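Numbering (the numbering used here), first residue to last: 44 to 219.
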């Protein structure tokens with residue numbers, strides 16, 4: 044997926060990340076998250092729990108800003124919250140959030156890491172980096188294509204996992 048995203052976004056970098064995305068922070072801590080609830084709470088490795096009320100009401104790019112997963116990028120939709128080790132980024136007017144997600148998916152955050160014991164990245168630093176931003180119409184075309192491929196990949200992963208579960212069941216049944 045990353046290779047295809049690199050190919051389809053291989054335009055000359057011309058726009059600062061901070062010019063097309065707004066950065067938001069959370070103060071929610073992992074110990075404040077519940078095991079059950081109506082709304083998902085995302086952490087560094089995906090869903091880490093639930094809450095009864097969402098902090099975020101729109102689609103956003105989630106980026107891990109602290110710890111071993113620093114620079115990991117994901118996309119969240121709907122109503123949800125994030126814990127404080129992540130920032131959530133929203134698109135400014137004239138930019139496709141999904142396109143920017145694919146750009147950040149392949150972005151190299153390593154030069155922007157600071158901290159020895161606990162690595163960090165700061166939006167004020169990587170926000171100055173240039174990324175390729177064609178016209179909004181072209182951004183939407185690329186994002187739509189990559190989203191369809193990403194969805195197909197997830198479907199194939201689900202099918203593969205189902206086959207693996209069937210295999211484990213059958214092998215277990217054979218050797219009881």
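Heads up, the beta-carbon is just placed ideally off N, CA and C, and yes, glycines get one too.
Computed from a predicted structure; not experimentally measured.
Counted as a single uninterrupted DSSP element, the stretch harbouring residue 90 is not any alpha helix (DSSP H) but the beta strand (DSSP E) occupying residues 89-94.
Cβ neighbours of residue 123 within its own chain (closer than 8 Å, five residues either side excluded): 82, 83, 84, 85, 97, 98, 99. DSSP, read as helix, strand or coil, puts residue 105 in strand. Excluding five sequence positions before and after residue 179, the CB atoms of its chain that fall closer than 8 Å to its own CB belong to 137, 138, 139, given in chain order. The residue among 125, 127, 145 with its C-alpha nearest the C-alpha of residue 134 is 145.
Counted as a single uninterrupted DSSP element, the alpha helix (DSSP H) harbouring residue 201 occupies residues 179-217. When Cβ pairs closer than 8 Å are counted between the two stretches, the stretch 195-212 is seen not to touch the stretch 161-171, the count staying below three.
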